[in-house]
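Please read the structure below before turning to the comments.
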Amino acid sequence: MFDLAYSEFLNTNQELRGELQDEIFINKSNEKKIRSLVKELKQCYRTISIQDNTIIAHEKEIEKLKSEISDLRKQLRVGSLKARIQIFIDKKISINALDMATTNLIVNVNRGLDRIENHIRGVGTSMQNPANVIDGIRSSLNTIRVTLQNITAERDQYQNILNDTNNWERDLRNQLRDNALNDENRQAGISYAMLETNIQMLTGRKDTQIAEHKRNAHRLTVRYNNDTERWRRRHIGCVHQAQNWKGQ
8 MFDLAYSEFL
18 NTNQELRGEL
28 QDEIFINKSN
38 EKKIRSLVKE
48 LKQCYRTISI
58 QDNTIIAHEK
68 EIEKLKSEIS
78 DLRKQLRVGS
88 LKARIQIFID
98 KKISINALDM
108 ATTNLIVNVN
118 RGLDRIENHI
128 RGVGTSMQNP
138 ANVIDGIRSS
148 LNTIRVTLQN
158 ITAERDQYQN
168 ILNDTNNWER
178 DLRNQLRDNA
188 LNDENRQAGI
198 SYAMLETNIQ
208 MLTGRKDTQI
218 AEHKRNAHRL
228 TVRYNNDTER
238 WRRRHIGCVH
248 QAQNWKGQ
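Structure follows, in structure tokens:
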């Protein structure tokens with residue numbers, strides 16, 4: 008009977024050894040899975056770090072676009088001022104030319120009046136035909152009148168051009184400002200929306216992966232501890248059983 012009990016003990020011990028080898032294999036497999044999960048977790052952290060750098064690069068690009076928009080606005084202002092200055096320069100040249108022509112006519116009128124006055128007083132060289140001088144004065148005065156009318160019309164024309172230019176400049180500036188603001192807001196909105204979406208996705212993915220890794224690690228750890236405790240108890244039970252058989 009002792010031999011039978013001892014034989015059963017050996018068989019049980021052999022079974023326990025087999026189960027122990029299985030448990031060792033399972034534990035090694037679980038440890039391998041844990042290492043793989045830790046590796047994935049580190050990769051997740053690296054991915055998040057790369058995305059953070061991408062977000063920073065996008066923010067720098069937005070600042071660069073804002074600076075370029077500001078430079079374009081300054082260039083627009085300079086171009087508008089140059090156009091207005093050129094208009095005033097052209098206007099000044101035209102007015103100066105008319106002033107010179109009018110001045111010459113006034114000199115001729117004054118010279119003719121002096122000749123007639125001297126002729127009436129009997130001073131200086133006598134005039135053979137004063138009527139021709141009077142006709143010349145009338146012609147010069149008529150030319151001066153027409154010139155003044157042209158100057159007035161040209162002044163009104165330049166004033167209209169100036170008003171149109173100012174209105175055009177104001178409208179263009181407002182339009183460019185609105186377009187720039189709309190583009191800036193749209194680009195910023197798209198960029199910030201994309202960044203926020205990416206951040207939310209990465210954060211959610213990171214939290215999900217971390218939670219999943221923690222659950223897996225906890226589950227494997229609990230299983231490892233339970234299997235180890237179960238094997239320990241069974242081993243103790245077998246030892247007690249063998250001792251009891253030997254005592255019989």
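For the sequence shown, position 43 matches number 50 in the working numbering, and the numbering has no gaps at all. Glycine is no exception: its CB is placed at the ideal position from the N, C-alpha and C atoms. Everything numeric in this text was worked out from a predicted model, so none of it was measured.
Report the option in 177, 57, 178 and 111 whose CA atom is closest to the CA atom of residue 148.
-> 111
Could you check what DSSP says for residue 174 in three-state terms: helix, strand or coil?
-> Residue state, collapsed to three classes: helix.
Would residue 153 pass as a contact of residue 119 if the rule is Cβ separation under 8 Å?
-> no
If you draw a straight line from the alpha carbon of residue 117 to that of residue 163, how long is it in whole angstroms?
-> 29 Å
In three-state DSSP terms, what is residue 50?
-> Helix at residue 50.
Proximity of residue 151 and residue 113 at Cβ, strictly below 8 Å | yes
Skipping 5 residues on each side, what residues in its chain have a beta carbon closer than 8 Å to that of residue 156?
-> none
How is residue 130 classed by DSSP in three states: helix, strand or coil?
-> coil
Taking the alpha-carbon positions, what's the residue 181 to residue 43 distance?
-> 60 Å
Given residue 137 as reference, the closest of 160, 122 and 128 once Cα atoms are compared = In terms of Cα proximity to residue 137, the closest of 160, 122 and 128 is 122.
Environment of residue 100 [buried if 16+ CB atoms lie within 10 Å] | Here residue 100 scores only 45 on pLDDT, less than 50, and its place in the model is too uncertain to base an answer on.
If we ignore side chains and look at the alpha-carbon of each, how far apart do residue 70 and residue 178 end up?
-> 27 Å
Residue of 35, 128 and 115 minimising C-alpha distance to residue 146 | 115
Could you check what DSSP says for residue 136 in three-state terms: helix, strand or coil?
-> Coil, per DSSP.
To the nearest angstrom, how far is it from the Cα of residue 125 to the Cα of residue 167?
-> 47 Å
Alpha carbon of residue 25 to alpha carbon of residue 35, nearest angstrom = 15 Å
Backbone CA spacing between residue 67 and residue 46 [nearest angstrom] = For the pair residue 67 and residue 46, the Cα-to-Cα distance works out to about 32 Å.
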